[in-house]
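Numbering (the numbering used here), first residue to last: 18 to 322.
Where is the CB? At the ideal position from N, CA and C, for every residue including glycine.
The next block holds one structure in the form of structure tokens; read it before the comments.
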């Protein structure tokens with residue numbers, strides 16, 4: 018397996034750390050599960066006042082990268098390509114030999130120019146594309162389309178692409194089409210799939226999206242695909258255990274050994290636009306002194322390997 022695929026699959030977390038860097042609170046979309054009428058989806062966006070990462074912080078990022086055993090910086094949060102200085106920042110990272118990847122909704126108008134910049138600089142970071150797996154869900158949940166031409170350009174130029182697929186209640190009606198759709202995308206050279214369940218975070222969260230116990234049937238379908246489909250087995254990045262965690266949460270049967278062994282809060286570092294350090298606990302405004310087992314839920318199971 019080549020190094021970039023290992024990075025894409027986060028194998029390095031056994032030895033090194035991942036930084037998830039919040040570049041901006043700007044976004045070109047209004048996804049139903051992300052920004053409701055009154056609230057942001059996460060506490061990071063609610064409590065950080067700076068919309069954009071200041072250019073004055075760039076040198077601090079460089080120093081942090083080289084002093085903390087970091088394998089990769091993931092550029093993300095809301096839509097990183099809406100960061101006003103994104104081209105300059107990418108040049109800065111490349112000039113300083115900082116390995117990075119990009120998590121994007123891939124419908125930002127700048128995306129084509131960013132791809133051109135990366136090709137010109139002969140740097141091809143892994144690209145994580147947030148997406149609804151089916152086109153009508155993309156339209157319904159994200160109010161936008163799936164830009165096939167952008168994907169074709171990435172694949173044609175040998176970028177490794179992962180789909181980050183949201184799981185919510187409306188996904189259920191596609192259960193019988195799920196495996197076929199994943200195979201179709203895989204045949205188009207998608208290297209990895211990562212499933213992330215949405216979580217109700219506030220009172221005005223869209224009730225039609227909330228995952229309930231009947232969702233276990235879809236999780237079992239994903240487990241079956243990962244166990245038995247030879248093509249998709251290694252492309253689905255979620256572990257069987259992470260899927261089982263979701264089932265256990267609904268069945269109140271949490272495996273304490275698994276929960277207490279989760280070290281993602283030590284392996285994954287969130288940096289907000291002030292470069293304050295967050296973890297998968299403090300990101301969601303939780304008591305950082307408590308154990309994961311005190312509140313293990315659908316948020317935590319995202320980060321289980």
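**Item:** Closest residue to residue 178 among 152, 202 and 144 (Cα-Cα distance)
**Value:** 144
**Message:** Give me, in chain order, the residues of the same chain whose beta-carbon lies closer than 6 angstroms to that of residue 124; leave out the 5 immediate sequence neighbours on both sides.
**Reply:** 161 and 164
**Message:** Can you give me the C-alpha to C-alpha distance between residue 281 and residue 258, rounded to a whole angstrom?
**Reply:** 14 angstroms
**Asked** Around the Cβ of residue 122, are there at least 16 other Cβ atoms within 10 angstroms (buried) or fewer (exposed)?
**Response** buried
**Message:** Can you give me the C-alpha to C-alpha distance between residue 81 and residue 208, rounded to a whole angstrom?
**Reply:** 29 angstroms
**Item:** Runs of alpha helix (DSSP H) wholly within the segment 160-213 (minimum 4 residues, chain order)
**Value:** 165-173 and 195-204
**Prompt:** Exposed or buried, residue 39, counting other C-beta atoms within 10 Å across all chains shown (16 or more means buried)?
**Reply:** Buried, since its Cβ has 16 or more Cβ neighbours within 10 Å.
**Asked** For residue 156, which of 167, 187 and 78 has the nearest alpha-carbon?
**Response** 187
**Item:** Distance, residue 73 Cα to residue 88 Cα
**Value:** 23 angstroms
**Asked** What residues in its chain sit with their C-beta under 6 angstroms from that of residue 184, if we drop five residues either side in the sequence?
**Response** Result list for residue 184: 212 and 214, in chain order.
**Message:** So the candidates are 265, 202 and 106; which of them puts its Cα closest to the Cα of residue 138?
**Reply:** 106
**Asked** What residues in its chain sit with their C-beta under 7 angstroms from that of residue 102, if we drop five residues either side in the sequence?
**Response** If the five residues before and after residue 102 are omitted, its C-beta is found closer than 7 angstroms to the C-beta atoms of 72, all from its own chain and listed in chain order.
**Item:** Host beta strand (DSSP E) of residue 243 (start-end)
**Value:** It is not in any beta strand (DSSP E) - residue 243 instead sits in the alpha helix (DSSP H) that spans 233-245.
**Request:** Report the rounded CA-to-CA distance for residue 127 versus residue 49, giving the unit in angstroms.
**Result:** Going by the C-alpha atoms only, they are around 23 angstroms apart.
**Residue interval of the alpha helix (DSSP H) (run including residue 226)** = Note, residue 226: premise wrong, no alpha helix (DSSP H); not H, not E.
**Prompt:** So, helix, strand or coil for residue 287, using DSSP?
**Reply:** strand
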